[in-house]
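Engineer: Okay, here's the structure, questions in a sec.
Numbering (my numbering), first residue to last: 37 to 286.
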């Protein structure tokens, strides 16, 4: 059998390396912790993992843990990330998800319909014409959205609610909702908002169902200014809140 000379060996190794790079770029990638990665390259060129195709929105269709590894800019008037599976944790890893140009009210930053147990954490969703984060009941109210967690998220300058959670059993913690076109946070029953801020939204800062409590949360300069109602709904003040400069919230 003929041996390859050094030039042929180098050529062969380069071809293997190039094929490996193509394979990595085209296929799913996992972080050191085993989480599936989302970035602008895979979102626009190949799809980031099984069940996702090239182009926005990035579609998460399998339960598991996902991490964003760079800023994401969704194409004009498209959702940024659609979640279609229960039991998903999405770590934004400190990065922004923004809309390159958004005029369609159907374009949401992160959207899931009729899901259970979704956690979204540690990032920014900005500039979508719809909601920043929408986790809604299924069509006709079935199945009911349940058990979602919004942790250390910032929703900024979206056209409708910053965060809109249907159903119940939700937790919003350490999050801010600023300069959105309707409410800052809209949260249905048996839920909790803690250590958060709703500021400078076009509508009231909070819209809460009667079974939802809020604690250590600042609701300020919404709805045209502090002279106007900062709160909409019948949520329960659990203490430590500040509403439009008033320590007594509704």
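Backbone N, C-alpha and C define an ideal beta-carbon position, used for all residues, glycine too.
Assign residue 66 to buried or exposed, taking buried as 16 or more other Cβ atoms, counted over all protein chains shown, within 10 Å of its Cβ.
Structural biologist: Counting from 1 along the chain shown, the entry for residue 66 is found at position 30. Exposed is the call here.
Engineer: Would you decide whether residue 142 is buried or exposed? Buried here means 16 or more other CB atoms lie within 10 Å of its CB.
Structural biologist: To locate residue 142, count along the chain shown from 1; it is residue 106. With fewer than 16 Cβ atoms within 10 Å of its Cβ, residue 142 is classed as exposed.
Engineer: Suppose the cutoff is 7 angstroms on Cβ atoms and the five residues either side in sequence are ignored; what does the same chain contact list for residue 90 look like?
Structural biologist: On the chain shown, position 54 is the one that residue 90 refers to. So the list reads 80, 81, 82 and 83, once near-sequence residues are dropped.
Engineer: Alpha carbon to alpha carbon, how far is residue 102 from residue 234?
Structural biologist: Here residue 102 corresponds to residue number 66 of the chain shown, with the count starting at 1. Here residue 234 corresponds to residue number 198 of the chain shown, with the count starting at 1. So the alpha carbons of these two residues sit roughly 27 angstroms apart.
Engineer: Please list, in chain order, all residues of the same chain as residue 132 whose beta carbon is under 8 angstroms from its beta carbon, the five residues on each side excluded.
Structural biologist: Numbered from its first residue, the chain shown carries residue 132 at position 96. 107, 108, 159, 160, 161 and 162.
Engineer: Could you check if residue 59 is buried or exposed, using at least 16 other CB atoms within 10 Å of its CB as the buried criterion?
Structural biologist: In the chain shown, residue 59 corresponds to position 23, counting from 1. Caution applies to residue 59, whose pLDDT of 40 falls short of 50 and renders its modelled position unreliable; the value that the coordinates give is listed next. That one is exposed.
Engineer: Measure the CB-CB distance between residue 198 and residue 182 and report whether it falls below 7 angstroms.
Structural biologist: As a working mapping, residue 198 is identified with position 162 in the chain shown. As a working mapping, residue 182 is identified with position 146 in the chain shown. Cβ distance not < 7 angstroms, so residue 198 and residue 182 don't count as in contact.
Engineer: Can you name the start and end residues of the beta strand (DSSP E) that residue 118 belongs to?
Structural biologist: As a first step, residue 118 must be located in the chain shown, where it is residue number 82. Unbroken beta strand (DSSP E) run through residue 118: 117-119.
Engineer: Taking all protein chains shown into account, decide if residue 17 is buried (16 or more other Cβ within 10 angstroms of its Cβ) or exposed.
Structural biologist: Absent from the structure is residue 17, since the part of the chain shown begins at 37 and ends at 286.
Engineer: Just the Cα atoms here: how many angstroms apart are residue 209 and residue 231?
Structural biologist: Taking the first residue of the chain shown as 1, we reach residue 209 at position 173. Taking the first residue of the chain shown as 1, we reach residue 231 at position 195. Approximately 6 angstroms between the Cα atoms of the pair.
Engineer: Can the beta-carbon of residue 164 be found closer than 7 angstroms to that of residue 140?
Structural biologist: Reading the chain shown from its first residue, position 128 is the one you call residue 164. Reading the chain shown from its first residue, position 104 is the one you call residue 140. The answer is no: Cβ separation not under 7 angstroms.
Engineer: Taking 6 angstroms as the limit between beta carbons, can you name the residues of its chain near residue 78, skipping five residues before and five after?
Structural biologist: As a position in the chain shown, residue 78 is number 42, starting the count at 1. Around residue 78: 84.
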